[in-house]
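Right, one structure below, let's go through it.
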Amino acid sequence: MVLKCKNSNLEALLMFFVFSMVLFFPSLTMILLGQSSFTPGIVAASLCIIFILGIYFYLNRTLEFERSTIFVLLMIFFCCFSITLHLFIVNQQLPMLVEIDTNRFIFSFACLFIVALSAFLAALYLKYNSRNSHFYSAVKVSFIILLINGLISLTKIDFLATGLAKPTFLFLEPSHFALVLTPFLIYFCLTLSRYQALLLLLVVGGWAAYIQNLTLLIGVMLAFTISTRHNLIFAISLFILFLAALIAIFGIDSLSYFTDRLVLSGDNDNLSVLVLFQGWQNAIETLTTQSYLGGGFQQFGVTTVSGSVSDKLYSLLGFNINQFDGGATAPKLVGEFGVFGIAFLCCYLVFYLRIFLRLRKKKSFDKMAIFFYAIFLASFLEFFIRGVGYFSPLMYIFLISIFYFTVQKSKIKLEKNESNC
């Protein structure tokens, strides 16, 4: 009994360790070490997870190489090979005086392999060694920490000396916080009662309105739409009432922050809009004027074509901004992988719609499955609204969700076959 209790506590601690390393460590590394991206923190967290889970699997002898496990490993190696081959072909088509950044590719390729392997081990751990109670506890504690982080950021005190106008405590900026918070928000809106979920949405929506962050406000709308399920008209009515309340409290002029960001045009002087428009313009011009295969993995802003919006941003700021991340992950994928990036996004949107409709039909799912569905739905923000590149907390857990459903599907099939026998 004592041994079982110790193993149970170990699993709970291990689960929370993985969550904290993925959600908080990369951002803290970015702030404390003055990094310009999540990459160093994500890679360091991935190495720690590989080391800890590797020891765990070795001591418990729970790792089994089933068909799904081998399939995912082959998929990782195939993707790595395809990325390398794609860059080689792209390099042959590049115009004169345009060269790939080999060092950037090699470093990013190594980071991708480490992150993918780490996410794969995390998915296997969740498949074989985790109880839903431990998983739910880790999710709940992480969400409470995120809410406390949001409350602290309301003070607008720059505790970690970031020097930014909107310090968000453990996160460099509100958008980074929004990307991490949204999957938890969707998850709890689907698992709590209707009134508890509505209260949660009002609190988070109020935070987004007060801090002025459109990314999180869109995340709130997404969670609201999913959690109301069949009562979509009721959901729209409540949203209109919420909008009217914001106007009544803060005034119509306070909404100019959000309305300015809803016009995606190169003529808009809003920097957030221009950054996103820059990414799509550069991606499209690369495909139409240079190569339908794109510029190559992690070569956005290096081999890709720059458009007029990039020139406008440079004239406004005096330096280039967000030239490597595309403003969002979708234009970065299109700019780097061309038609293959477009094909990936089409597949992503098809699966997105299927998951969205499946959750709205209120079918019965276990909490772990709901959480990973929530991650998949929240990833829309990173792909199309506000992306920070391939190596971010949300993209990491998005990768875990893909691996998890891949290996879990075979487990369900195996259990069905055994029951039929």
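Plus 174 on top of the position in the sequence shown (first one is 1) and you've got this note's numbering. Ideal Cβ placement from N, Cα and C applies to all residues, glycine included.
So the alpha helix (DSSP H) residue i belongs to, where does it begin and stop?
{"i": "Val-378", "result": "368-385"}
{"i": "Phe-545", "result": "541-554"}
{"i": "Gly-215", "result": "213-234"}
{"i": "Thr-460", "result": "445-463"}
{"i": "Lys-535", "result": "Premise fails: Lys-535 is in no alpha helix (DSSP H) and is neither H nor E."}
{"i": "Asp-485", "result": "482-491"}
{"i": "Glu-510", "result": "503-511"}
{"i": "Phe-198", "result": "Per DSSP, Phe-198 belongs to no alpha helix (DSSP H) and is neither H nor E."}
{"i": "Ala-335", "result": "Taken as a continuous stretch (DSSP letters only), Ala-335 belongs to no alpha helix (DSSP H), as it is neither H nor E."}
{"i": "Gly-393", "result": "388-402"}
{"i": "Ile-360", "result": "348-365"}
Under the three-state reduction of DSSP, which class applies to residue i: helix, strand or coil?
{"i": "Thr-342", "result": "strand"}
{"i": "Val-272", "result": "coil"}
{"i": "Leu-300", "result": "helix"}
{"i": "Glu-185", "result": "helix"}
{"i": "Lys-330", "result": "coil"}
{"i": "Thr-580", "result": "helix"}
{"i": "Phe-193", "result": "helix"}
{"i": "Ser-566", "result": "coil"}
{"i": "Phe-471", "result": "coil"}
{"i": "Arg-560", "result": "coil"}
{"i": "Val-524", "result": "helix"}
{"i": "Tyr-466", "result": "coil"}
{"i": "Leu-237", "result": "coil"}
{"i": "Leu-519", "result": "helix"}
{"i": "Ser-311", "result": "helix"}
{"i": "Val-246", "result": "helix"}
{"i": "Asp-261", "result": "It should be noted that the sequence gives Leu, not Asp, for residue 261. DSSP places Leu-261 in helix when its eight states are reduced to three."}
{"i": "Glu-592", "result": "Confidence is the limiting factor: at Glu-592 the pLDDT is only 43, short of 50, which leaves the residue's position unreliable, though a coordinate-based value still follows. Looking at Glu-592 - three-state DSSP - the assignment turns out to be helix."}
Counting C-beta neighbours from all protein chains within 10 Å, is the total for residue i 16 or more, i.e. buried, or is it exposed?
{"i": "Cys-520", "result": "exposed"}
{"i": "Asn-277", "result": "exposed"}
{"i": "Asn-494", "result": "exposed"}
{"i": "Tyr-578", "result": "buried"}
{"i": "Thr-460", "result": "buried"}
{"i": "Tyr-570", "result": "buried"}
{"i": "Gln-266", "result": "exposed"}
{"i": "Cys-161", "result": "Outside the displayed span of the chain (175 to 595) sits residue 161, for which this structure offers no information."}
{"i": "Phe-239", "result": "exposed"}
{"i": "Lys-535", "result": "exposed"}
{"i": "Leu-295", "result": "buried"}
{"i": "Tyr-369", "result": "exposed"}
{"i": "Met-270", "result": "exposed"}
{"i": "Phe-317", "result": "buried"}
Inspect the CB distances between the region 491-507 and the region 446-460 and report whether three or more fall short of 8 Å. yes
Contact between the region 503-515 and the region 374-384: three or more CB pairs below 8 Å? no
Using 8 Å as the Cβ pair cut-off and three pairs as the minimum, do the region 482-489 and the region 440-450 touch? yes
Are there three or more Cβ pairs, one per stretch, closer than 8 Å when the region 242-262 is compared with the region 467-477? By the criterion of at least three beta-carbon pairs nearer than 8 Å, the region 242-262 is in contact with the region 467-477.
Report yes or no: do the region 339-348 and the region 279-288 share at least 3 C-beta pairs separated by less than 8 Å? Cβ pair count under 8 Å is below three, so no.
The region 387-400 contacting the region 543-563, beta-carbon criterion three pairs below 8 Å: yes
Are there three or more Cβ pairs, one per stretch, closer than 8 Å when the region 224-231 is compared with the region 198-212? Taking 8 Å as the limit for Cβ pairs, the verdict is that the region 198-212 does not touch the region 224-231.
Tell me, please, whether the region 346-360 touches the region 316-335 by the rule of three or more beta-carbon pairs shorter than 8 Å. The region 346-360, when compared against the region 316-335, does touch it at the 8 Å Cβ threshold.
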